Amino acid sequence: MKALFSLVFSLVSLATFAQEKPLDSLVNEYASQEGLITTYWHPEKSKLLLAVNDSLLGKPLLMVTRYVSLPANYSAYRNAGSKTAESVISFEREANKIVLKQLSYVNLAEEGDPIAQSVVQNNLAPILSVFEKMNSEKQIALFDATDFFSKDSPGFNAVGETEKKNFKIGSIDSKRSFINEVRSFPLNTEITHTLTYPIAAAPRSNRSETFSFKLNHSIIALPEHPMPTRKVDHRVGWFSLEQYNYSSEALKSDNYRIATRWRLEPKDKEAYARGVLSEPIKPIVFYIDPATPLKWRPYFKKGIEDWNRPFEKAGFKNAIIAKDPPTKEEDPEFSPEDVRYSVVRYVASTTRNATGPSVKDPRTGEIIESDVIWYHNHLRSYRNRYLLETGAANEKARSLNTPEEEIGEMMRRVIAHEVGHALGLPHNMKASSAYPVDSLRSASFTQKWELPPPLWIMRATITSLSPATRGSVLCAKWGPMTTTPSNGGTVTSRRSKMNKNG
Ligand SMILES: [Zn+2]
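Position 242 of the sequence shown, counting from 1, maps to 332 under the working numbering, and the rest follow consecutively.
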């Protein structure tokens with residue numbers, strides 16, 4: 091009993107002693123990086139300490155978790171770059187503890203409205219983790235985050251429920267799990283780790299009965315000045331977020347959806363108001379994945395920058411820019427998983443598809459970043475469609491030797507489609523019937539009006555052609571249905587013009 095008492099006593103003393111120690115004395119063996127969160131990393135011990143200033147406490151931070159790499163044959167739509175989780179977190183202080191919470195912005199009330207208190211009381215934020223403060227300074231808290239980032243902690247969603255069931259994935263093996271890398275920058279902090287699991291129902295060719303995943307957590311401060319929200323106009327399709335405002339006068343909470351859109355604001359507000367094109371303060375920049383085959387890159391870039399055409403209708407020039415992946419010299423910080431960089435990912439996978447997801451500020455719907463995904467085998471889908479859909483009217487589509495530029499043009503339309511999603515636009519099948527079939531078969535009509543654009547319909551070629559169709563446009567382009575909605579999605583849209591067009 092005495093021995094136990096002494097042990098407890100010495101543990102308490104140690105804890106007290108640790109808190110009395112200044113931060114510098116606790117981290118002198120660690121490599122430090124100042125940034126949004128200051129990190130202290132000990133690669134040999136694989137130990138990660140984090141330090142947060144009081145000024146960061148309570149601030150909403152966006153945490154996006156993505157696969158950096160993952161096992162073969164895991165899941166058709168899970169690939170390098172796939173997002174496993176996106177949530178708003180915040181560090182808060184409770185005595186000598188740092189509490190990590192997950193915030194929600196679905197239920198709201200106006201600041202100062204008494205009901206705001208009840209919204210808070212009835213929406214208690216879940217606690218993801220609690221860390222012990224280690225240092226003696228009052229304004230800054232140092233804590234050990236090694237354990238949190240060495241497992242599939244709450245909020246990471248590293249392994250989905252379906253996959254867990256399909257592969258009979260067991261509990262994480264901590265001996266084969268570790269933190270790989272930690273990087274911190276003024277606006278964000280990046281933490282990469284590897285998680286290993288035993289599996290009882292392994293996919294073919296997996297003899298180790300093991301799955302290892304490398305994940306990256308990108309933690310970024312949400313904008314200091316939230317973007318104005320725009321309620322969705324249901325006449326035009328927009329991806330949106332649902333909110334409930336309890337400060338409503340409607341005798342019930344006001345339930346509405348806010349559009350998700352990029353923060354495009356004109357550099358020259360006066361010129362913009364006069365109808366002169368203005369560049370945005372911050373253009374939308376998409377990088378090409380370094381894994382993209384060189385011959386397809388020009389088409390990918392065109393598919394991205396094609397969006398300048400509708401943005402010009404909305405009053406912006408050079409609103410969207412495609413860039414080649416930077417070299418280490420050009421940008422040593424570049425990483426496709428870093429939430430500061432939007433990237434069109436090129437994925438070596440047998441999946442035949444492409445997707446255009448995005449990361450949003452849940453307070454306002456502001457799109458912060460997007461990683462469009464192109465799966466390699468999708469090339470064959472388009473070769474096949476080209477043969478089947480245009481062969482009757484297109485001599486080039488009667489052989490398996492599809493010209494490279496034709497495949498490239500189709501990829502360009504698919505990338506434009508996915509970038510459209512990444513800009514906030516969902517499918518709108520109405521556009522599939524926007525033109526009568528005989529107009530689609532008219533060369534003069536399609537050359538003037540172009541084909542229903544690929545953003546709104548699901549294909550890059552057109553099926554209604556007949557052998558009699560000559561000179562018709564074969565590959566989908568743009569057309570009026572694409573340019574109109576883009577106008578309403580800019581921060582400072584010309585509303586009168588939009589209404590006239592819409
Ligand atoms: Zn789509």
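Positions of the beta carbon are idealized from the N, C-alpha and C atoms, including for glycine. Fair warning: this is a prediction, and the values are worked out from it, not measured in the lab.
Taking the beta strand (DSSP E) that Ser302 belongs to, which residues open and close that run?
Taken as a continuous stretch (DSSP letters only), the beta strand (DSSP E) holding Ser302 covers Thr300 to Ala311.
Using three-state DSSP, classify Arg435 as helix, strand or coil.
Three-state DSSP puts Arg435 in a strand.
For the segment 148-234, which segments carrying the beta strand (DSSP E) assignment without a break, of at least 3 residues, lie completely within its bounds, in sequence order?
Qualifying beta strand (DSSP E) stretches, in chain order: 151-159, 173-184, 187-193, 217-222 and 230-234.
At a cut-off of 7 Å, is His307 close to ligand 1 when judged by its beta-carbon and the heavy atoms of the ligand?
Every heavy atom of ligand 1 is 7 Å or more from the Cβ of His307, so no.
Sorted by chain position, which residues of the same chain lie with C-beta nearer than 8 Å to Glu280's C-beta, five sequence neighbours on each side aside?
Excluding sequence neighbours, Glu280 sits near Glu271, Val272, Arg273, Ser274, Asn306, His307, Ser308, Ile309, Ser425, Glu427 and Asp428.
Only counting the same chain, and skipping five residues up and downstream in sequence, which positions put a Cβ closer than 6 Å to that of Tyr130?
Closer than 6 Å at the Cβ level, and outside the excluded window around Tyr130, lie Val117, Tyr120, Ser122 and Leu139.
What three-state label does DSSP hand Thr441 in the structure shown?
The answer is coil: DSSP assigns Thr441 none of H, G, I, E or B.
In this structure, how does DSSP classify Trp131 when only helix, strand and coil are distinguished?
Trp131: strand per DSSP, three-state reduction.
Sorry if obvious, but does the Cβ on His468 come closer than 7 Å to a heavy atom of ligand 1?
Incorrect: His468 has no Cβ contact closer than 7 Å to ligand 1.
Starting from Tyr362, trace the alpha helix (DSSP H) both ways and give me its first and last residue.
Its alpha helix (DSSP H) spans residues Lys359 to Ala363.
Rounded to a whole number of angstroms, what is the C-alpha to C-alpha distance between Asp358 and Asp396?
Rounded to the nearest angstrom, the two C-alpha atoms are 23 Å apart.
Taking DSSP's pairing of strands, which residues face Pro370 in a bridge?
DSSP, once it has assigned bridges, lists Pro356 as partnering Pro370.
Is the beta carbon of His517 within less than 7 Å of some heavy atom of ligand 1?
Flag set: Cβ of His517 near ligand 1.
May I have the straight-line CA-CA distance separating Leu152 from Val178, to the nearest angstrom?
About 4 Å.
Could you tell me whether any non-hydrogen atom of ligand 1 is closer than 7 Å to the CB of His507?
The answer is yes for His507.
Taking all protein chains shown into account, do 16 or more other C-beta atoms lie within 10 angstroms of the C-beta of Arg470, making it buried, or fewer, making it exposed?
Exposed.
Quick check on Asn484: buried or exposed, where buried means 16 or more other Cβ atoms within 10 Å of its Cβ?
Result: buried.
How about Arg453 and Tyr164: do their beta carbons lie closer than 8 Å?
In this structure, Tyr164 does not lie closer than 8 Å to Arg453 by Cβ.
Out of Ala141, Ser460 and Asn197, state which residue places its alpha-carbon closest to the alpha-carbon of Asn335.
Considering only alpha carbons, the answer is Asn197.
Run the CB neighbour count on Leu341, radius 10 Å, all protein chains shown included, and call it buried at 16 or more, exposed below.
Under this definition Leu341 is an exposed residue.
Going by beta-carbon coordinates alone, are Thr284 and Ser261 separated by less than 8 Å?
Not closer than 8 Å, so no.
Terminal residues of the continuous alpha helix (DSSP H) containing Val462?
It is not in any alpha helix (DSSP H) - Val462 instead sits in the beta strand (DSSP E) that spans Ile457 to Tyr465.
Cutting at 7 Å between CB atoms, please list the residues of its own chain near Leu97, excluding the five before and the five after it.
Note that Leu97 scores 43 on pLDDT, short of 50, meaning its location in the model is unreliable and no value can be drawn from it.
The alpha helix (DSSP H) that contains Leu477, what's its start and end?
Here the alpha helix (DSSP H) through Leu477 covers His468 to Thr480.
Quick one: what does DSSP say Thr559 is sitting in, helix, strand or coil?
Confidence in Thr559 is poor, its pLDDT being 49 and thus under 50, which makes the residue's placement too unreliable to answer from.
Would you kindly work out how many angstroms separate the C-alpha atoms of Ser337 and Thr319, rounded to a whole number?
Ser337 and Thr319: Cα-Cα distance of roughly 16 Å.
Look up Ile348 in the DSSP assignment and give the residues it is bridged to.
In DSSP, Ile348 forms a bridge with Lys321 and Leu331.
Would you kindly check if the distance between the Cβ of Lys223 and the Cβ of Lys187 is under 8 Å?
Cβ distance < 8 Å, so Lys187 and Lys223 count as in contact.
For Lys391, which option in Asp114, Ile505 and Ser159 has the closest C-alpha, if you only look at C-alpha atoms?
The shortest C-alpha separation from Lys391 is found at Ile505.
To the nearest angstrom, report how far apart Ile374 and Ile458 are at their CA atoms.
C-alpha separation (whole angstroms): 10 Å.
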